[in-house]
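**Student:**
Residue numbers (my numbering): 8 to 220.
Following this line, the structure appears as C-alpha cells:
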C-alpha cells in the first residue's frame, strides 16, 4: 500500500542499520517470525481489512510452522527478561522461572493474572448502520496499484513486466486478455509492457521450436 506523503508526512524516528549477513541462514532467517500483532504501547491498528486479518493469522502461521513456543527461539526472543504466562506445551525448551503461579485466567483466587485496564483497546468512532453489504461496492481496486506503479523507475517497471509475463506464459489467451485488461486499468503502460514481453516470449519459443525441427 502506498501512503500519500501529502496526506501522511513521514516522521523520522530513527534508523535501521544492516551491517552483516546471517552466519546461519536457517537459524537466523528461516526461524524468524514477524507479526503485525507485535506493537509497542501507544501504537494500535487501523481498521484496514487486510491488516485486521493479519493481526491474528501471522501468529497462527508461526505456531504451525515453528511450534507453540516460537517466540522463545533465539532469533525471536526478547533481549530483556519477559514474565509471561506461557506454560509448558510441546517443545518447551526454555526455563519457566517467571514467578507466576499456575493460574492463567482471570478472575482467580490464587494471586495470578489480573486484568490491567490501562491496556484496554480505545474506542473506535463510527457512524451509520452496521449491516450486511456487498464489499465490492465502492471499492477502488486500482488506485493503490497505480500509485505504486507511478513510483517505479524504468528498471523496476521492466522487471515487473517480465515477471508478470513469465507467470502468465502458457495460460489460455482468454484469461491472459482478461488480466491485461486489469493491468490497463492500472496504467496503459503496465498493460503494454506485459503484452510486449509476452510477444517476445512467443517469438522466442517459436524460434526455438523452428531450430529443433
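Don't be surprised by glycine CBs; every beta carbon is placed ideally from N, CA and C.
Please report how far the alpha carbon of residue 126 lies from the alpha carbon of residue 11, in whole angstroms.
**Tutor:** Cα to Cα, residue 126 sits roughly 31 angstroms from residue 11.
**Student:** Contact between the region 146 to 166 and the region 119 to 136 is defined here as three or more beta-carbon pairs at a separation below 8 angstroms; is this criterion met?
**Tutor:** Cβ pair count under 8 angstroms is below three, so no.
**Student:** Quick one: what's got a C-beta closer than 8 angstroms to residue 34's C-beta in the same chain, skipping five residues either side?
**Tutor:** Closer than 8 angstroms at Cβ, skipping near neighbours: 81 and 82.
**Student:** By the DSSP assignment, the alpha helix (DSSP H) with residue 75 in it spans what residues?
**Tutor:** No alpha helix (DSSP H) holds residue 75; DSSP gives it neither H nor E.
**Student:** Which residue spans inside the region 154 to 194 form an unbroken beta strand (DSSP E) run of at least 3?
**Tutor:** Correct list: empty.
**Student:** For residue 161, which of 41, 197, 139 and 172 has the nearest alpha-carbon?
**Tutor:** Nearest C-alpha to residue 161: 197.
**Student:** By DSSP, does residue 196 sit in helix, in strand, or in coil?
**Tutor:** Residue state, collapsed to three classes: helix.
**Student:** Reducing DSSP to helix, strand and coil, say where residue 138 ends up.
**Tutor:** If DSSP states are grouped into helix, strand and coil, residue 138 belongs with coil.
**Student:** List the whole-angstrom C-beta distance separating residue 106 from residue 90, where the pair is believed to meet the contact cut-off of C-beta under 8 angstroms.
**Tutor:** Confirmed, about 7 angstroms.
**Student:** For my contact list, residue 46 and residue 154 are in at a C-beta cut-off of 8 angstroms; report their separation, rounded to the angstrom.
**Tutor:** That belief does not hold up - the Cβ atoms of residue 46 and residue 154 are roughly 26 angstroms apart, past 8 angstroms.
**Student:** Would you call the region 164 to 176 and the region 29 to 43 in contact, with 3 or more CB pairs under 8 angstroms?
**Tutor:** No, the region 164 to 176 is not in contact with the region 29 to 43.
**Student:** So, using beta-carbon positions, are residue 77 and residue 44 closer together than 8 angstroms?
**Tutor:** No; because the gap between Cβ atoms is not below 8 angstroms, this pair is not in contact.
**Student:** Have a look at residue 123 and residue 114 and give me their C-alpha separation to the nearest angstrom.
**Tutor:** In a straight line, the C-alpha of residue 123 is about 12 angstroms away from that of residue 114.
**Student:** Excluding five sequence neighbours on each side, which residues of the same chain lie with their C-beta closer than 6 angstroms to the C-beta of residue 101?
**Tutor:** These residues qualify, in order along the chain: 79.
**Student:** Contact defined as beta carbons within less than 8 angstroms: I believe residue 51 pairs with residue 69. What is the distance between those atoms, to the nearest angstrom?
**Tutor:** With 8 angstroms as the limit, residue 51 and residue 69 do not qualify as a contact, their Cβ atoms being about 21 angstroms apart.
**Student:** I'd like the list of long-range same chain contacts for residue 48, defined as Cβ closer than 8 angstroms, with 5 residues on each side in sequence excluded.
**Tutor:** 126.
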